[in-house]
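A.B. asks: Got a structure for you, written out below as structure tokens; questions coming shortly.
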Amino acid sequence: MSGKRTNLIVLIPILVGVIVIFFGMSLIVPVQEKIDDFRHVKFAQKIAPTDHIIVSRWTDYPSRREIRLSLTGDDAKRVVQAVSSGRAERKFYKIGWDVRAKFLAGTNVLAEIQVSEDGLFIADGRQYRDGSYLPQGGPNGALYHLVYVPAMFGVTTGR
């Protein structure tokens with residue numbers, strides 16, 4: 001009988017520990033999302049005065065040249081809006097971050113992001129999804145059409 005009690009006494013703290021860990025994890029995720037949202041709001045405030053955006057990427061070997069283009073006016077505003085309305089994306093993706101976009105006000109660099117082809121971008125070390133991205137219908141969204149495609153292929157998509 002005492003052997004069963006010893007097993008029970010050892011098993012109960014382990015079960016309690018596992019339950020606490022599972023409930024603790026469920027409490028941590030909402031806190032992480034709030035922190036991501038807070039950081040993203042700060043980032044959006046930082047890029048709000050953007051008047052132009054420099055988009056760039058390095059070509060593949062052997063030439064290894066940098067391709068640059070500039071977005072101004074409505075195009076720049078659409079990109080700022082897409083980035084500002086982005087949502088935190090905590091899932092891990094294996095993606096090449098080929099394209100960079102620098103947000104400028106005059107000659108002052110406000111911030112920089114890295115953009116992927118499927119509506120994801122990295123801002124201040126955090127991964128977000130383009131706010132204008134629609135999950136159905138293949139690649140889309142303002143970042144895809146105004147930043148990624150022109151930098152990768154040298155063409156605009158007319159959107």
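Each residue of the sequence shown is one higher than the one before, starting from 1 at the first, in my numbering. In this text, a Cβ means the ideal position worked out from N, Cα and C, and glycines have one as well.
1) Reducing DSSP to helix, strand and coil, say where Y128 ends up.
2) How about V99 and V147: do their beta carbons lie closer than 9 Å?
3) Have a look at V80 and A48 and give me their C-alpha separation to the nearest angstrom.
4) Would DSSP call S84 helix, strand or coil?
5) So is Q127 buried or exposed if we call it buried at 16+ other beta carbons inside 10 Å?
6) Over the uninterrupted alpha helix (DSSP H) stretch that includes V149, give me the two end residues.
7) Quick one: what's L71 bridged to in DSSP?
8) Only counting the same chain, and skipping five residues up and downstream in sequence, which positions put a Cβ closer than 6 Å to that of Q32?
9) Roughly how many angstroms lie between the CA atoms of F43 and S70, to the nearest whole one?
10) Rounded to whole angstroms, what is the Cα-Cα separation between A151 and G17?
11) On the CB-based measure, 16 or more other CB atoms within 10 Å of its CB, does G73 come out buried or exposed?
12) How would you label A123, buried or exposed, when you count the other beta carbons within 10 angstroms and need 16 or more for buried?
13) Tell me the residue span of the beta strand (DSSP E) that contains N108.
14) With a cut-off of 8 Å on the beta carbons, I'd call F103 and Q114 a contact; round off their distance for me.
15) Quick check on T50: buried or exposed, where buried means 16 or more other Cβ atoms within 10 Å of its Cβ?
16) For R129, does the count of other Cβ atoms within 10 angstroms reach 16, so buried, or fall short, so exposed?
17) Find the nearest neighbour of I67 within the set F38, S56, W97, judged by alpha-carbon distance.
C.D. replies: Considering the structure as presented:
1) Taking the sequence shown and counting its residues from 1, the one referred to as residue 128 is at position 128. Strand.
2) Your numbering for residue 99 matches position 99 in the sequence shown. Your numbering for residue 147 matches position 147 in the sequence shown. The answer is yes: Cβ separation under 9 Å.
3) What you label residue 80 is simply residue 80 of the sequence shown in a count that begins at 1. What you label residue 48 is simply residue 48 of the sequence shown in a count that begins at 1. Approximately 7 Å, taken between the alpha carbons.
4) Indexing the sequence shown from 1 puts residue 84 at position 84. DSSP places S84 in helix when its eight states are reduced to three.
5) By one-based count along the sequence shown, residue 127 stands at place 127. It counts as buried.
6) By one-based count along the sequence shown, residue 149 stands at place 149. Start and end: 149-153.
7) Here residue 71 refers to the residue found at position 71 when the sequence shown is read from its first residue. L71 pairs with I53.
8) Counting from one through the sequence shown, the residue named residue 32 turns up at place 32. Here the set comprises nothing.
9) Mapped onto the sequence shown, residue 43 falls at position 43. Mapped onto the sequence shown, residue 70 falls at position 70. One C-alpha to the other measures close to 21 Å.
10) For this step, residue 151 is matched to residue 151 along the sequence shown. For this step, residue 17 is matched to residue 17 along the sequence shown. Using only the alpha carbons, I get a separation of about 51 Å.
11) In the sequence shown, residue 73 corresponds to position 73, counting from 1. Flag for G73 reads exposed.
12) As a working mapping, residue 123 is identified with position 123 in the sequence shown. When all chains shown are included, A123 counts as buried.
13) Residue numbering aside, residue 108 sits at position 108 when the sequence shown is read from its first letter. 108-115 is the extent of the beta strand (DSSP E) around N108.
14) By 1-based counting over the sequence shown, the position of residue 103 is 103. By 1-based counting over the sequence shown, the position of residue 114 is 114. Not quite, the Cβ-Cβ distance comes to about 13 Å (not below 8 Å), so this is no contact.
15) Within the sequence shown, numbered from 1, the residue matching residue 50 stands at position 50. The residue is buried, with at least 16 neighbouring Cβ atoms inside 10 Å.
16) The sequence position of residue 129 within the sequence shown is 129, counting from 1. That one is buried.
17) Here residue 67 is taken as the residue at index 67 of the sequence shown, counted from 1. The option with the nearest alpha carbon to I67 is S56.
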